[in-house]
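A short write-up of the structure that comes next.
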Amino acid sequence: MNPHARNEHTLLKRACLPIPASQRVAHYIKIKLSLVAGTIHVEYLNMLRKSLIILLTFIFSILFFPKQTKAIENPLAAPNNLFGIHILDENDLEDAANLVNSQGDWGYVTLVIRADERDTERWQKVFDKMRRLHLIPIVRIATKQLDGGWEKPNFDEIDGWVSFLNSLNWVIKNRYLVVGNEPNHSKEWGNQISPEEYADYLETLSKKLKSRNQDFFILPAGFDASAPKSKETMNEAEFLKKMVEHKSQIFENLDGWTSHSYPNPNFSGSQDDVGRGTVLTFEWELKFLKSIGLTKTLPVFITETGWAHDMDAKANGYKDTETITNNLKGALELAWNDERIVAVTPFILNYQTPPFDIFSWKNKDGGFYEFYYEMQKLPKKQGKPVQIVSVDVLSIIFPPIFPNNGKMVGGIALIKNKGQTIWTGNEKIRSRKFNLDIELEPKVIFSDIEPGETSIAVFSTVLAN
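Per our numbering, the sequence shown starts with residue 687, numbered consecutively.
Below, the structure written as structure tokens:
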């Protein structure tokens, strides 16, 4: 035996390469080993072995590792900007962002999707735009309009709603969904009032949505707390009691509470009034809910509120815009400065025809009333809602083979953004989707990678043992 071959064989055994001692190594391996001070180094082979393990783990994890269970997030557990606004049209999103994110970030927008508007392409574009503008959607679903009212929801359409709503890539992890609107008004329920039917519909929709995705954050319809008992309306307290009598566990289907805390009477009350029919209606509602069996804590979403105004000196009997400005400031500083409130979205940013033009924050000339600009100036929090980060490694162009501080670094991969965040290339992105601690460096070749887009990125993983 050639003595050099014996030395090579002995060293290569430690590298786990089964090469017979009786044969020349050159016949079986085409990698050149460097000889330094009489010792052959095999560290490179070890690095290749570890890289191969990582690559195989990627493949195995993609094919076999189960998805993580999803669940809603507590919106008040992270920094939260409660400022919001209610809009009618997606063309108002920029004006909404300029209002609710001025001096802050990640404010809220309440918007309505009707049954005859379930167009996935349209609403995905809306959500993508809201993602860029850092606006959190609160979606209220509605039926179709009738003369002077709305159709009663059809149970046969629930599956259609579930399929449509689940087809969208939402802006943040929590998918805030309001089921209906003021069902204690007959005009909102096909000219009928039926607490029992509403409870059934709410429960059925909630369960079906949750069965598809646990991130749906279910909110009930906001009620008209000032509605009297009449042929067209039902007292909110009576409506809620009847719901509970029909479905004793109905509140278990809810993740939060929706409130229409309008300053009545005549949408002209004081910001200092308390109780039912005021800017503190939500507080009265929570106390009443507790009295009829609510045991869980429900964070509050005030999706409608606001004062009717005189549209800058028009003699319509409502308060002037300067008074509205002071009222809004006062309510935000006191009544709505409450740790239970997630969002306050006054009604409405832009509505230029009766009967809701008296609530509009935008005037007929294309500008805004005084209170819009004053609300812009108020200090707001830098919201940090939870978003899903999901990385799909389409192909590994170059595996991470360089050890560095407990990691293998230097990998280059073709990746796809399958989450909710926009990758700006300014910070590291971490994910465990593939049963590995994947870390995308702030070296994404192309920045501002939106969900659904692909890019070349540098990545690293935890060093394989």
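Even glycine gets a Cβ: it sits at the ideal position worked out from N, Cα and C.
Check whether G770 and A1029 have beta carbons under 9 angstroms apart:
yes
So what does DSSP say about A1099, is it helix, strand or coil?
Shown here, A1099 sits in a strand according to DSSP, grouped into three states.
Validate contact between the region 825-836 and the region 875-892 using beta carbons, cut 8 angstroms, 3 pairs:
yes
With DSSP run on the structure shown, which of helix, strand or coil describes Q957?
coil
DSSP state of Q1062 mapped onto helix, strand, coil
helix
Please report the Cβ distance between L1152 and I1034, rounded to the nearest whole angstrom; I am assuming they are in contact, meaning their Cβ atoms lie under 8 angstroms.
Residue numbering for the chain in the displayed model covers 687 to 1151; residue 1152 lies beyond these limits and cannot be assessed.
Quickly, what does DSSP pair H820 with across the bridge? List them, please.
BP columns for H820 are empty, so no partner.
Whose C-alpha, out of R962, G955 and L984, is nearest the C-alpha of F937?
Of R962, G955 and L984, the smallest CA-CA separation from F937 is found for L984.
Please look up how many angstroms separate the CB atoms of A907 and G866, rounded, as I've assumed it's under 8 angstroms.
4 angstroms
Inside the region 839-927 only - alpha helix (DSSP H) runs reaching at least 4 residues:
844-853 and 881-898
Please report the straight-line C-alpha distance between M1061 and K1015, rounded to a whole angstrom.
8 angstroms
Once DSSP output is grouped into helix, strand and coil, what is the label at M1094?
strand
Simplified DSSP state of L832, which is helix, strand or coil:
strand
Chain-order list of residues whose beta-carbon lies under 6 angstroms from that of G793 (same chain, five-residue window excluded)
N767, F769, G770, V786 and N787
Return the Cβ separation of V864 and I799 in integer angstroms, given the expectation that the two are a contact with Cβ distance under 8 angstroms.
Not confirmed; about 10 angstroms, so no contact.
Label T1007 either buried or exposed according to how many other C-beta atoms from any shown protein chain fall within 10 Å of its C-beta, with 16 as the threshold for buried.
The residue is buried, with at least 16 neighbouring Cβ atoms inside 10 Å.
Could you check what DSSP says for T1140 in three-state terms: helix, strand or coil?
strand
Closest by C-alpha distance to N760, when choosing among S954, Q1073, F1088 and I1083:
Q1073
Secondary structure of I1082, DSSP reduced to three states:
strand
Taking 9 angstroms as the threshold (C-beta atoms), are E882 and F909 in contact?
Not in contact: F909 and E882 (Cβ atoms no closer than 9 angstroms).
Straight-line gap, N1090 to F813 (C-alpha atoms, nearest Å)
If I take the Cα positions, the gap works out to 40 angstroms.
Since I believe N1012 is in contact with W993 (beta carbons under 8 angstroms), could you give me their beta-carbon distance rounded to a whole number of angstroms?
Between the beta-carbon of W993 and that of N1012 there is about 10 angstroms, and that puts the pair past the 8 angstroms contact cut.
Sort N939, I858 and Y884 by Cα distance to K894 and report the nearest one.
N939
For the alpha helix (DSSP H) containing E1008, name the first residue and the last one.
E1008: member of the alpha helix (DSSP H) spanning T1007 to E1019, first to last residue.
With a 10 Å radius around its C-beta and 16 neighbouring C-beta atoms as the bar for buried, classify A885 as buried or exposed.
Buried, since its Cβ has 16 or more Cβ neighbours within 10 Å.
Taking DSSP as the reference, what is the three-state secondary structure of W809?
helix
Where DSSP assigns a beta bridge to E990, which residues make up the other side?
H946
Under the rule that 16 or more other beta-carbon atoms within 10 Å means buried, what is A1143, buried or exposed?
buried
Determine whether the beta carbon atoms of G1105 and S1141 lie at a separation below 9 angstroms.
no
With a threshold of 6 angstroms on Cβ separation, who are the neighbours of G942 within its own chain once the five nearest residues in sequence on each side are excluded?
L905, L984, P985 and F987
Close-in-space but distant-in-sequence residues of the same chain around S934 (CB under 8 angstroms, 5 per side omitted):
G979
Kindly indicate the opening and closing residues of the alpha helix (DSSP H) around V786.
L779 to V786
Interface flag, T1110 vs chain D, CB-CB below 9 angstroms:
The chain inventory of the structure shown lacks chain D, comprising one protein chain alone.
Per-residue burial, S897 [other beta carbons within 10 Å of its own, 16 or more giving buried]
exposed
Measure from the alpha carbon of Y1058 to the alpha carbon of each residue in A783, E1025 and P765, then state which is nearest.
A783
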